[in-house]
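Note sheet for the following structure.
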Amino acid sequence: MESDGSDADDVLPAGTRFGRYQVRRLLGRGAFGAVYDAVQLEPLQRPVALKVLHEVARADHRLVGRFVREAQIAASITHPHICTVFDIGSEEGVPFIAMERLHGEALDACLERQRVLSPVDTVDTLLPVLSAVAAVHDAGIVHRDLKPANIFLATPRPGAVVPKLLDFGIVKVLDRDANVARTETRTFLGTPHYTSPEQAMDASAIDVRSDQWALGVILYECLTGARPWREGPVLQILFEITAADIAPPSSRRPSIPPALDAVVMRALTRDPAQRFSSVRALAAALLPFASEPVRATWSGEFAPHAPKVSRPIHLAPTLRAENSSAPLFDPRSVPRLEPDPEEALPPRSVSTKRGVARPPRYSDLQAAPAPPTASRRMLWPALAAGVALLSTVAFLAARSPSTPSPQPEAPPVTAITAPDPLPPPEPAPPPAAQLPIAPSPPAVVAAPPVLPDAGAPPHPHARPRRRTLHPAGDPFPSAAPPARGIPNV
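Just so you know, we're using the working numbering here: the sequence shown kicks off at 177 and counts up by one.
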């Protein structure tokens with residue numbers, strides 16, 4: 177490594193030759209290293225971001241191992257929103273990483289300048305980051321240091337912002353026996369303000385849900401311009417993270433939609449089991465608040481992971497889940513409804529067994545009882561005919577003289593159809609017109625077509641003919657229908 181002179185702060189001056197790279201200027205520095213704007217020399221002439229460890233960090237083999245592993249993990253995950261690693265090595269005992277050179281600013285610098293972001297800008301900025309974090313989790317890695325300083329807003333061209341995820345220095349690789357990121361118990365890994373409750377209590381027992389908590393804090397800070405905790409010593413911050421109440425973002429900024437408020441608060445649930453099932457599920461909950469182009473870009477990845485909304489299932493009263501042997505449906509449990517007088521019935525007629533049409537009744541719509549047997553069907557006509565016959569015999573006995581005379585033969589009688597509706601009843605006659613004994617027969621009685629000679633004696637060998645009875649039992653049908661008609665049985 178060539179240098180124009182030693183620097184007390186361990187910073188490489190501009191123009192320094194560092195292996196295959198030449199330093200242009202310092203971009204930033206931290207406790208363990210510095211990042212330079214450099215260029216890769218012949219033959220590529222490619223601009224790079226050169227990350228170099230400080231001398232104090234090079235003395236700790238654990239920090240050196242973590243530094244190398246950061247480059248290996250970042251290079252193993254290919255994602256458009258993860259900073260690409262080009263090269264890794266050591267120049268004269270100084271470890272370095274050559275990464276993709278990005279132009280723009282980190283998210284923390286953007287928040288210092290703008291203080292807050294609108295809900296749409298917040299979601300548009302963090303959806304690509306959530307996709308990158310999901311890819312890291314798919315590789316079985318927990319980032320453990322998600323914060324605005326590690327989200328770089330690259331501007332490859334004017335008007336275009338491409339968020340990039342940085343810094344894999346303290347990741348935790350899951351399902352491995354040896355975790356080189358684990359340090360002594362007295363060493364705290366990560367940034368206190370974005371540390372999850374489980375990470376603050378036992379850093380060795382965390383999983384990918386710890387990164388979801390950090391993303392919730394970043395969402396909170398972008399929407400409100402402040403973190404959920406008060407500024408203070410590290411122990412005070414960790415106490416508030418593990419025990420203090422968290423005010424919702426809308427308490428600081430009332431214009432935040434309640435649904436977005438609920439998404440942030442779910443990500444900040446202290447119980448990891450109550451958070452979203454994955455980072456993609458968190459992104460799916462944020463998707464409705466993104467702009468239309470961003471929503472169209474990320475719907476394919478995030479929409480299938482949207483939480484399923486369970487709708488209540490209304491069971492019928494006769495469905496008894498607790499008793500599997502019971503019938504699924506009991507017709508007796510269905511109540512019989514009374515007809516609604518204002519409800520119009522279907523415009524159809526129901527035919528009876530005698531061919532007479534009548535308006536449909538509400539009972540026709542209900543379940544009809546079982547049809548009667550043949551014996552029951554014949555019983556009622558027989559009883560009606562018997563009653564009518566007895567009434568006729570009594571009526572004739574009252575009118576006829578002591579010596580009976582032969583009666584004319586009744587003509588064949590055809591079936592009687594249902595009578596027309598009766599006119600309104602006439603007023604009753606005065607009491608003097610009423611007969612003392614029995615009501616008079618009909619005024620007009622139809623005469624038979626041919627009457628025998630009343631004076632001629634009957635033929636000595638003539639046999640009396642059987643009278644044909646009317647179905648209703650009346651042996652003397654009248655030409656006019658009776659006053660009330662014969663019931664149709």
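All C-beta atoms, glycine included, are put in the ideal place defined by N, C-alpha and C.
Counting C-beta pairs closer than 8 Å gives three or more between the region 296–307 and the region 446–463, which meets the contact rule. Rounded to whole angstroms, the separation of the alpha carbons of Pro434 and Ala210 is 42 Å. Within 10 angstroms of the beta-carbon of Val232 lie fewer than 16 other beta-carbons, which makes it exposed.
Minimum Cα-Cα distance from Leu341 among the listed residues Arg429, Leu306, Pro373 corresponds to Leu306. Distance from the CA atom of Arg429 to the CA atom of Arg442, rounded to whole angstroms, is 18 Å. Judged by DSSP in its simplified three-state form, Ala466 adopts coil rather than helix or strand. Per DSSP, the continuous beta strand (DSSP E) segment holding Gly204 begins and ends at 197–205. Annotated three-state conformation of Gly476 is helix, per DSSP.
Per DSSP, reduced to three states, the secondary structure at Ser454 is coil, with no helix or strand assignment. Cβ contact annotation for Leu229 (same chain, cutoff 8 Å, sequence separation greater than five): Phe208, Gly209, Leu239, Val240, Phe243, Val270, Pro271, Phe272, in chain order. Gly316 sits in coil when the DSSP states are folded into three classes, being neither helix nor strand. The beta carbons of Arg451 and Arg385 sit closer together than 8 Å.
Between the C-alpha atoms of Ala379 and Val318 there is a straight-line separation of about 11 Å. For Ala423, the CB contacts under 8 Å within the same chain, skipping 5 residues up- and downstream, are Pro404 in chain order.
For Ile394, the enclosing alpha helix (DSSP H) starts and ends at 385–400. For Gly241, the enclosing alpha helix (DSSP H) covers residues 237–252. In this structure, DSSP gives Asp321 a state outside helix and strand, which the three-state scheme calls coil.
Around the beta-carbon of Met275, 16 or more other beta-carbon atoms lie within 10 Å, marking it buried. Counting along the chain, no beta strand (DSSP E) covers Leu436; the unbroken alpha helix (DSSP H) around it starts and ends at 434–443. Within the region 255–334, the complete alpha helix (DSSP H) segments of 4 residues or longer fall at 283–290, 295–314, listed in chain order. For Gln221, no beta strand (DSSP E) run applies, since DSSP gives it neither H nor E.
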